[in-house]
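Written below as structure tokens is the structure these notes are about.
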Amino acid sequence: MSTVEETILEAARKEADVRAKAASQQLLERVSSEICRLAVRLGMSELQEIKLLGNGTLNVTKGNSRTVFTKVTPGEQLRLRIATLLALLRVGHEFGVGRHPGLLLLDSAGAQETKASDLAEVLSQLQTICQETDGLQMITATANREVAANVVSSDRLRVSAPGEAVW
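So for the sequence shown, this note's numbering puts the first residue at -5; every next one is plus one.
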């Protein structure tokens, strides 16, 4: 037998759950849309849809085929990771939720790239995305200094000679 207070508290808990799920669904849909948009900009041209689930699963539709994050190529996984981080920052800022210091460190940006043009596109888009996103700073490292020097604006580029430290 429950008391009146317990009944009220249980009703309040159920209502809070309904409201939290509705709010999180709206956020997940917006984040999913932004991940997709950014991943396409980062070179996943066949990408059609991304669906981020509440448990962290990332469903991917590309080339009219459905798959999951773990089944895409390593280069696509890298692009999706970058796009997901950026989308979470942007949507969090847009909705006023979450906290992040605004600094991303990306090591070996070209590690999964087989073509210099793919790395160039990723670096170019990252530079543009940083300019578009208030409060975002990104430090990206790559061993391909030639591509970086051709893509990244000189005021944002630090290049060391072979075997020397950047700073």
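Backbone N, C-alpha and C define an ideal beta-carbon position, used for all residues, glycine too.
What residue from the options has the CA that sits closest to residue i's CA?
{"i": "cysteine 30", "options": "Ile133, Glu140 and Arg73", "result": "Arg73"}
{"i": "leucine 97", "options": "Ala110, Leu83 and Val91", "result": "Leu83"}
{"i": "serine 148", "options": "Gln121, Trp161, Ala10 and Glu158", "result": "Gln121"}
{"i": "glycine 90", "options": "Thr67, Arg75 and Ala17", "result": "Ala17"}
Straight-line CA distance for residue i to residue j?
{"i": "glutamate 115", "j": "alanine 77", "result": "14 angstroms"}
{"i": "lysine 109", "j": "glutamine 19", "result": "38 angstroms"}
{"i": "alanine 137", "j": "valine 34", "result": "24 angstroms"}
{"i": "methionine 132", "j": "leucine 99", "result": "6 angstroms"}
What is the C-beta distance between residue i and residue j, in whole angstroms, given that I count them as a contact (C-beta under 8 angstroms)?
{"i": "alanine 135", "j": "aspartate 101", "result": "5 angstroms"}
{"i": "glycine 57", "j": "leucine 22", "result": "Actually they are not in contact, since the Cβ atoms of glycine 57 and leucine 22 sit about 24 angstroms apart, beyond 8 angstroms."}
{"i": "alanine 81", "j": "glutamate 40", "result": "Contact flag wrong, Cβ pair sits at about 19 angstroms."}
{"i": "valine 153", "j": "leucine 117", "result": "Not really, about 13 angstroms apart at Cβ, beyond 8 angstroms."}
For residue i, is the classification buried or exposed, using 16 other Cβ atoms within 10 angstroms of its Cβ as the cut-off for buried?
{"i": "glycine 37", "result": "buried"}
{"i": "isoleucine 123", "result": "buried"}
{"i": "isoleucine 44", "result": "buried"}
Give the DSSP-derived three-state secondary structure of residue i in the structure shown.
{"i": "serine 18", "result": "helix"}
{"i": "serine 148", "result": "helix"}
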